[in-house]
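Here's the structure, in structure tokens; my notes come after.
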Amino acid sequence: MELYLYIALFAPLVSSMFSALFTNTPKKQFVGIVASLLIFTAFGSSTILLSHILGGGDIVHVEMMTWMATGNLYIPFGFVVDQVSVTMMMVVTLVSTIVHIYSIGYMDHDKGFNRFFAWLSAFVFSMMILVMSDNFAGLFIGWEGVGLCSWGLIGFWFHKEVATWAANEAFIMNRIADLAMLIGIFLVYWNTGSLQYDIAFPAMATLDPSTLTWMGIFLFIGAMGKSAQFPLHTWLADAMEGPTPVSALIHAATMVTAGVYLVIRSNELYDLIPNVGLFIASLGAFVALFAASMALVNRDMKRIIAYSTLSQLGYMFVAAGLGAYWVALFHLMAHAFFKALLFLGAGNVMHAMHDELDPFKMGGLYKKMKWTAIMMTIASIALAGIFPLAGFFSKDAILEAAFVEHHFIIYSVILFTAGLTAFYSFRLVAMIFHGEERYKLFGIDPHEAYKFMLVGMSPLLILAIIAGALKGTYFEMITGLLPNTEYHLHSELTYWIMTIGTQVFVALAIMYAYKKYAFSPVSVPDGTSKMENSFMYKLLLNQYYIPYAYEEYIVKPYNELSAALWKVDQNVVDASVDGIANIFYKTGENTRHMQSGNLSTMLKWMVAGTVALLSLAVVFGLAARYSGEIRTILSGLGV
Amino acid sequence: MFEAVAFYLFAFLTIAMFYITVTTSQALYALTALAAGMIFISAFFFILGADFLGAVQIIVYTGAVMALYAFGMMFFDTTREVKEKQGNKFIVVGLATLAAVMVVAIFVAPIVSTNMTAFYPMVEGAGNTQEVGLVLFTKYLIPFEVAAVMLLVAMVAGIVLAGKKMDLSLTLMSAEQAKDIDDKDKKVLS
Amino acid sequence: MEIGLNHYLVLSTILFAIGLVGIMRRKNLLLLFFATEILLNAVNIAFAAISHYYGDLTGQMFAFFVIAIAASELAVGLGLLIVWYKRHGNIDLDTMTSMRG
Amino acid sequence: MLDHILSILIFFPALAGVMGFMINKESMRAYGVSVAFIEFALSLWLWFAFDNNISGMQFMEHLPLIPSFGINYILGVDGISLFIIILAAFFTMIGIASLTDTKDVKNMIITLLFLQMTMIGVFSALDGIVFYVFWELSLVPMLYIIGAWGGPLRIYASVKFFLYTFAGSLVMLVGMLFMAYFFYQATGVWSFAILDWYRLILPESFQLWLFAAFFVGFAIKVPMFPFHTWLPYAHGQAPTIGSVILAAILLKMGTYAFIRFSLPLFPDASVYFMYPIAVISIIMIIYTAMVAYAQKDVKQVVAYSSVSHMGVIILGTFALNVEGISGSVFLMIAHGVVSGALFLLVGVIYDRRHTKLMSEFGGLAHVMPKYATIFGIMMMASVGMPLTINFVGEFLSLLGFYQQSHILTLLAGIAIVVGAIYMLSAYKKMFFGEVTKEENRNLPDVNKRELIALIPLVLITIWLGIYPKPVLGPINNSVESVVQLMHNKATSEEAKMRIPNVSGVVISKTATKEAH
């Protein structure tokens, strides 16, 4: 099994390095194909590992080599394939295989084709390290690695100012969180003496709760950065400047879920500190609502999907925070499938619309892009959580968990958000595929994507539909590692009322979206309508003015402070050094007149100098001679 | 008693002579006063029983040094009154006194405070010259020889330095002529 | 009245002071040399006196060497002085400013 | 030969430098490269022959110079100095190989060879006076390099560099003399041998003063805030090769000396001053990082970033535990490689455009993709990306210091955020966007000679990032013995508590035994 582990881990690295060889050469189709094949190999190995684990096999745990060892610290490159990581591996390799295949078509005309695959495969490698590592340091390698690849991929079109800006923003914002994560790791090390999961977690049980709380908080702040939780969320929407496959893979399916993975991985820690868990859940619920509200009015297709991702991450944190780790992981998995599908569909639409992102300028695309439309619609249904698609099972489980745990505020918030989710998803679908063909006004001639891209997307489509059916198998497997908290309502009746109620609520939201955007005329907003001028609309459209606030109250002061500090450096620190030098210089300059060249004067100075030295000698001589007496006098004076 | 009278007398005379030396505006007076002062100092040496040193003092200083000065002065325009700008007298005198007191204090303090024993005690029953000879040619032989060589070198140096163009009277020469000679010197040297 | 070492030392100090005054006052190089001689002689008296009162000949030896050195210094110094005078026509200290800083 | 390998390492370049006067101009570069290569090979041999399991000094040489004052020519290496010596040899080689068409190449190479002598001398000297002599001598070639081959303000910069560091080291010299005097007082024999000093247990009040005296010398060299202002000038005016050597090796003298002198000699004072120094380091980290962000000149960005990283090294050193000190020693190597490489990279673009202003660039990734890639790798290493060399050092330094203070570590950790800010924004300004300046449109990409210099650095950066063990192992052994020594020597309660007791007690004793 170890062989498969290594194949799964290193095939993406090989793919990345292979593609990197061709970075500076013109586009080569085979680079994409080879990369896709290698990632598929990784997928195959992951599948074998999954079946091994499913078949009740032992956890595969290897230690490749030492990384850092000094003092008592010992960090190896160790990898573990257990129930949690194998699930993540499956998600990562599956989605990335599809995205790789899709990218062959999507990046067809881009001159950075080869470079794209190098970055993309590197990302997969980092992600694999992240999920497979058996210690916190290894996790951190992957953590930073995905950050790096995300930076490279958001800024892939580096000639665009916005893209590079967004890349830097993402990187720096993640760095802030990484700092907290690093502190969390230090806390773990100094308190448990190891960074290995299998040593550190059992050792935590005996620790002081306040230490554990800090540990949990710092690790969670780390997770917040990667998973773009409030207040570190702004980078995710801006990250949509990257190529769409990147958005699908990194900013929907895999990287952003790393935070959730971390919390799930640290379940033994968070079980000990339910207060932090509650905080995580509350923040998750808040973000779910907060992000969904921003998605309601946004006019950028990809940003809408990004906000929906954010919102769904909130759901996952609700589950994880409430201790329903397996539910969180299940939602993570299901979400990866339908969200990637949604993004890839959006990519098709973008391609067709020549990189136009405003859904108001689309409409009626169903006729031109039938398959894409079907896929996106199904993905949206799954996202909305309609029976029997994937979203239903996972989201319903989260709602149940919140209800059973008696966190009714959280429950009602996420229930309400579910309605919002349905509304904005179908607002998007309706505006893109139905209604008037507004794109004609802009002289665009849309076309369906390549066949192989659509075929490549189909596994996601299937999984988005049937993932729910896997819930039973999944539950059996995952509870081998995670706490098997099952959430059963006390009465059947409540369960049915809740489920059906939710479904009806969601369906109504969908219908409302269709009514408003598909069956009634939609015009391109020009800032005149009453709704557009309302306070709420503006607030939502400007993302609660948070990016503005960051710009105004953090970025600008930082710039100014930096400039000011530079001035300080030159005019205070350096100037004082030069000032000291100048004192000597001036002294020399002023006493130069003593050196008049008049020997007679010099003789006088000489005698004066002799007198001075002699008197010093006398004084010190006397002081040394009478040191005892002097000391008595001084001590008498209280010195 | 005799000793005291002699000491005070000579002390007064020496101080007076040297005072004249440093204050007078006539170079010849200064020279004469200095020579006289030197002879009076030798008197102290005799009083202190350092007969040999006294003799040397008279021979070297009054005989050789003063003669050299006198000859040297022939080259210079000594009839001219020495004009000197005067600075602050108090500073000069004050500094001088301070320095003198401290030098003497510093060097003498250890001698006075610790009971020094003589390294080369006077030999009983021998004359001063004999004693000096004994010490000088045993313990101080090498310094003595070095001093001899130094004197020789100094003599040669003095002759070489002063002896060039002795046939020309530099005092009576015009500035141009002097310069010509000077230039020739330089050429020869280079 | 006994004349002691201190008397001689005081005398030596006075003479030394006079010499220093001369050094600082005099502008004529020749007279400056005179002042140096005074300094040396002042010290010689002290040496001889200490030698006498401690019964140690070292003091006299030193005085002896001082005289030797004074003589050689004079020989060279006077030579230099004459050369200088030949070049510049005077031996005034105030005109020697080539060492101006 | 192996018995005298350190002397050979020190004096071979100097000798070769003297011989260099006889070489004619055309073949000088080949001569310089081959001398530097032989030297590097020798240093590798030193590593090969180095016994990783011994924590004390190895290859000791002993030659009396002024025995009555205990000044002897004593050399030796341990895990702490070994790699800096190799790094010095390596960078001299890289530097000479990558020398571009500077005027007076011959003199430059000779100066570099002399500089190499002094650098290796500093890191292998085990006698206070010999150490001091090399320490001061190293200023001279650097003064020439800045003063003769520098930019328009070179005289100011070089004089400032010289006087500033010189003033500091004089205070250090006083400290050393007192140390030897104290040794004399305690034992009746004079000795300047560092290993002898190690055995002294000083009273705490003495420790504080001596620590302060040594600190001034070291802090200016490092340079620590607020003594850092000579560095940007020196870097700004120095030619590429000067900056590379300065950043890669010369600055390490200060941090190395902290570990060699301050910690083992004054354990109580180290504990006493730990918090103030940590605060200075943190100011240094954040403040210089922000100043770096405000720079318009890319070389100044790298210069200030280098100061910022030195802050982390100091912090790791004053963690006073094995993790932190090992980390800081490793970070010295890492910082040498990375900032050296960054200065070389800046030199590459300066050779082409004769400007270092970032506003003159933009969109370089289009025209010079290889250059952008290498710069990107080095930038990421500088930012502290895991699996690059810098991360190992930074991680360990911060991890170590976390044991001493949580909140200060959190503040110091801001380094990874602010570091990313200035580096990424500089990278963005230089490489991203459209090509705006016409002059940039046809810039040639990195050429062979530059690649020869840069590729090894990239490889080292990644190799030691993934597998630091060959370097970290020996470092760890020696650091353990230093920490143990400190623990044994510490007199105050607090110091005993702060400095951990490493299990391998025997090691430090053998180390001192070898000295005699």
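Residue numbers (this note's numbering), protein chains in the order written: chain A, 5 to 643; chain B, 4 to 193; chain C, 241 to 341; chain D, 17 to 532.
Ideal Cβ positions, reconstructed from N, Cα and C, are used throughout, including at glycine.
Option in the options with minimal Cα separation from residue i
i	options	result
D:A397	A:S130, A:G149, A:G116	A:G149
D:E152	D:M195, D:G270, D:W165	D:G270
D:A104	D:I482, D:V121, D:L60	D:L60
A:R629	B:Q133, B:A112, B:L155	B:A112
A:M132	A:Y265, A:N271, A:F205	A:Y265
D:L459	D:I301, D:A469, D:F447, D:L470	D:F447
B:A103	C:L245, C:L251, C:A308	C:L251
D:N337	D:E510, D:G416, D:M348	D:G416
C:G319	B:I109, B:T24, B:A157, B:A33	B:A157
A:K31	A:D62, A:M111, A:T97, A:S40	A:M111
A:I105	A:L620, A:G583, A:A567, A:L253	A:L253
B:F93	C:V261, C:L245, C:R266, C:N330	C:V261
D:V287	D:P516, D:G36, D:N456	D:P516
Beta-carbon contacts of residue i that lie in its chain and below 8 Å, excluding the five residues immediately before and after
i	result
D:G520	Unreliable positioning characterises D:G520 in this predicted model, as indicated by a pLDDT of 48, which lies under 50. The coordinate reading is nonetheless provided below. Contacts found: S71, E496, S497, Q500.
D:Q74	F66, D67, G92, V93, D94
A:L58	T477, M481
A:L53	M5, Y8, L9, A12, V64, V85, V90, M93
A:K372	A356, P450, H451, E452
C:E298	Residue identity differs from the one stated: residue 298 of chain C is Thr in this sequence, not Glu. Excluding sequence neighbours, C:T298 sits near S291.
A:V646	Absent from the model: residue 646 of chain A. The displayed extent of chain A is 5 to 643, so no value can be given.
C:L321	L269, L270, F273, I331
A:A344	V99, I102, V103, A252, L253, A256, A257, L464
Close Cβ partners of residue i (< 6 Å) along its chain, the five nearest in sequence each way excluded
i	result
A:G484	Q87
D:T367	Residue identity check: residue 367 of chain D is Asp in the sequence provided, not Thr. Excluding sequence neighbours, D:D367 sits near T116.
A:Y521	R431, A434, M435
A:N352	T376, A453
A:A15	L42, T45, A46
A:T340	Note on residue identity: the sequence assigns Ala, not Thr, to residue 340 of chain A. For A:A340, where only same-chain residues beyond five positions count, the Cβ hits under 6 Å are V95, V99, A257.
Three-state secondary structure (DSSP) of residue i
i	result
D:M401	coil
D:Y483	coil
A:H65	strand
D:N88	strand
A:G389	coil
A:W71	strand
A:M373	coil
A:H56	helix
C:I243	coil
A:V622	helix
Beta-carbon proximity list for residue i, same chain, < 7 Å, skipping 5 on both sides
i	result
A:H281	Looking at the sequence provided, one finds Gly at residue 281 of chain A rather than His. These residues qualify, in order along the chain: Y274, G325, L326, G327.
D:L131	S154, P157, M158, I261
D:M401	F407
Below-8 Å beta-carbon distance, residue i vs any chain E residue
i	result
B:L12	In the structure shown, chain E does not exist; the protein chains are A, B, C and D.
Ignoring anything shorter than 4 residues or poking outside the segment 148-227 of chain D, list the alpha helix (DSSP H) runs there in chain order. Whole alpha helix (DSSP H) segments, 4+ residues: 155-165, 170-203, 210-214.
Validate contact between the segment 258-270 of chain D and the segment 346-354 of chain D using beta carbons, cut 8 Å, 3 pairs: yes
Please give the ranges of any alpha helix (DSSP H) in the segment 104-150 of chain A, keeping only runs that are unbroken, at least 4 residues long and fully inside the region. 117-136
Three or more C-beta pairs under 8 Å: does that hold for the segment 239-247 of chain D against the segment 321-335 of chain D? yes
Specify whether the segment 116-129 of chain A and the segment 65-77 of chain A touch according to this definition: at least 3 beta carbon pairs, one from each stretch, less than 8 Å apart. no
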